[in-house]
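Asker:
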Amino acid sequence: MPWQSKCIATLLKPEGALMDTPNPTPGQQLFAALKQTTRAGQPGLVLPVGQPLAAVIRPIATVPGHTDALDVQLLTEWRNRHVKSFLTEFVSTPERTSGWLAGAVHANAGKMLFMVETPDGERVGHVGLGFIDWQRGYGEADAIVSGGKSPPGLMKASLLALMRWARDALGLQTLAVRVRSDNSAVDFYRKVGFREYQRVPIVASVVPGGIDWSEDPQAVDAPASLVYMQLELPPA
Numbered sequence: 008m009p010w011q012s013k014c015i016a017t018l019l020k021p022e023g024a025l026m027d028t029p030n031p032t033p034g035q036q037l038f039a040a041l042k043q044t045t046r047a048g049q050p051g052l053v054l055p056v057g058q059p060l061a062a063v064i065r066p067i068a069t070v071p072g073h074t075d076a077l078d079v080q081l082l083t084e085w086r087n088r089h090v091k092s093f094l095t096e097f098v099s100t101p102e103r104t105s106g107w108l109a110g111a112v113h114a115n116a117g118k119m120l121f122m123v124e125t126p127d128g129e130r131v132g133h134v135g136l137g138f139i140d141w142q143r144g145y146g147e148a149d150a151i152v153s154g155g156k157s158p159p160g161l162m163k164a165s166l167l168a169l170m171r172w173a174r175d176a177l178g179l180q181t182l183a184v185r186v187r188s189d190n191s192a193v194d195f196y197r198k199v200g201f202r203e204y205q206r207v208p209i210v211a212s213v214v215p216g217g218i219d220w221s222e223d224p225q226a227v228d229a230p231a232s233l234v235y236m237q238l239e240l241p242p243a
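Just so you know, we're using our numbering here: the sequence shown kicks off at 8 and counts up by one.
#1: Could you tell me which whole beta strand (DSSP E) segments of length 3 or greater appear in the stretch 154-237?
#2: Checking the sheet assignment: what are the DSSP bridge partners for H133?
#3: With E102 as the anchor, note down where its alpha helix (DSSP H) starts and where it stops.
#4: Taking 7 Å as the cut-off, is the beta-carbon of D189 closer than that to any non-hydrogen atom of the ligand MN?
#5: Which class does P33 belong to by DSSP, given the choice of helix, strand or coil?
#6: Buried or exposed, going by whether 16 or more other CB atoms sit within 10 Å of the CB of I15?
#7: Under the assumption that R130 contacts L166 (Cβ atoms under 8 Å), give the Cβ distance between them as a whole number of angstroms.
#8: How about T100 and T83: do their beta carbons lie closer than 8 Å?
#9: Buried or exposed, going by whether 16 or more other CB atoms sit within 10 Å of the CB of R88?
#10: Could you check what DSSP says for V56 in three-state terms: helix, strand or coil?
#11: By Cβ distance, which residues of its chain are closer than 6 Å to K13, with the 5 residues on each side in sequence left out?
#12: Between the Cα of S191 and those of P55, V210, S92, K118, spot the shortest distance and give me the residue it belongs to.
#13: Could you check what DSSP says for T95 in three-state terms: helix, strand or coil?
#14: With a threshold of 7 Å on Cβ separation, who are the neighbours of L177 within its own chain once the five nearest residues in sequence on each side are excluded?
#15: Just checking my contact of V186 with V112 at CB under 8 Å: how many whole Å lie between their CB atoms?
#16: Taking F97 as the reference, give the member of P224, A229, V214, K118 with the closest Cα.
#17: Could you check where the beta strand (DSSP E) with A47 kicks off and where it finishes?
#18: List the DSSP bridge partners of R65.
#19: What would DSSP say about E239, mapped onto helix, strand or coil?
#20: Indicate whether V210 and A183 have their beta-carbon atoms separated by less than 8 Å.
#21: Where A62 and A226 are concerned, what is the direct C-alpha to C-alpha distance, given to the nearest angstrom?
#22: Quick check on G110: does DSSP put it in helix, strand or coil?
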């Protein structure tokens, strides 16, 4: 049985119930298979970044009981370092991160994170895909975080490699991103090739353990906005 067929077969098992659509697209099947078969310490997909090779990106394991301890530690540290970049602000812990990966991320058929690793194995950041609508061929860049040690231009190249794979392998023809206007990453996304097409005011709400930001189109003098941007990729 071909590798991809073996992977897709695992989706029929109860623990692999990641897809519930009656007619999943080939890209959706591949995406779900990767999530179900990516486990800490086992070989898996890697996408090359740069020529000559500057890094690889690999799916971050989310299968319950098979997450990677160092991935969890780094995701926790980096999120706390960049907490003001997110729409949900809270103090993360390894336990919370591990539970989030094995719970919310693993069960989400439209979300996956990828670790950025240099050729010598150093983990320097992560990129991701989220909010995928498989029937529309739509997806968003999601959870793009630099660990602070990446060489200049590496995170841009890593995100572009992921976006090209999303288009060419997953069939996502419309790729976008949403980012807080008070986040310096707005300029980063412009350099990647995203173009702004909308802004919506956001307001903060204090919740147990943190702050949640949400859209409020009627807000006057809102402290920030959510910037909507769409990627303009050259043809394959």
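Positions of the beta carbon are idealized from the N, C-alpha and C atoms, including for glycine. Source: prediction; values computed, not measured.
Answerer: Reading from the atomic positions:
#1: Segments of the beta strand (DSSP E) lying fully in the stretch 154-237: 181-187, 201-214, 217-222.
#2: DSSP output for H133 lists M122, V152 as bridge partner(s).
#3: Here the alpha helix (DSSP H) through E102 covers 101-107.
#4: The model depicted lacks the ligand MN and carries no ligand whatsoever.
#5: In the three-state reduction of the DSSP assignment, P33 falls in the helix class, which pools H, G and I.
#6: Residue placement at I15 is poorly supported in this model, since its pLDDT is 32, which falls under 50; the coordinates still yield a value, given next. Label assigned to I15: buried.
#7: Contact between R130 and L166 does not hold, since the beta-carbon distance rounds to 16 Å and is not under 8 Å.
#8: Going by C-beta atoms, T100 is nearer than 8 Å to T83.
#9: By the neighbour-count rule (16 or more Cβ atoms within 10 Å), R88 is not buried but exposed.
#10: Strand.
#11: At K13, the pLDDT of 33 sits below 50, so the modelled position is not reliable and the matter cannot be decided from this model.
#12: Ranking P55, V210, S92, K118 by CA distance to the CA of S191 puts S92 first.
#13: Strand, per DSSP.
#14: Excluding the 5 residues flanking it on each side, L177 has same chain C-beta neighbours closer than 7 Å at G34, L37, F38, in chain order.
#15: Their Cβ separation, rounded to whole angstroms, is 20 Å, which puts V186 and V112 out of contact at 8 Å.
#16: Checking every option, the nearest Cα to that of F97 belongs to V214.
#17: Premise fails: A47 is in no beta strand (DSSP E) and is neither H nor E.
#18: Answer by DSSP bridge pairing, in chain order: M122.
#19: Residue state, collapsed to three classes: coil.
#20: No, the pair does not count as a contact, with Cβ atoms beyond the cut-off.
#21: Rounded to whole angstroms, A62 and A226 show a C-alpha spacing of 43 Å.
#22: Helix at G110.
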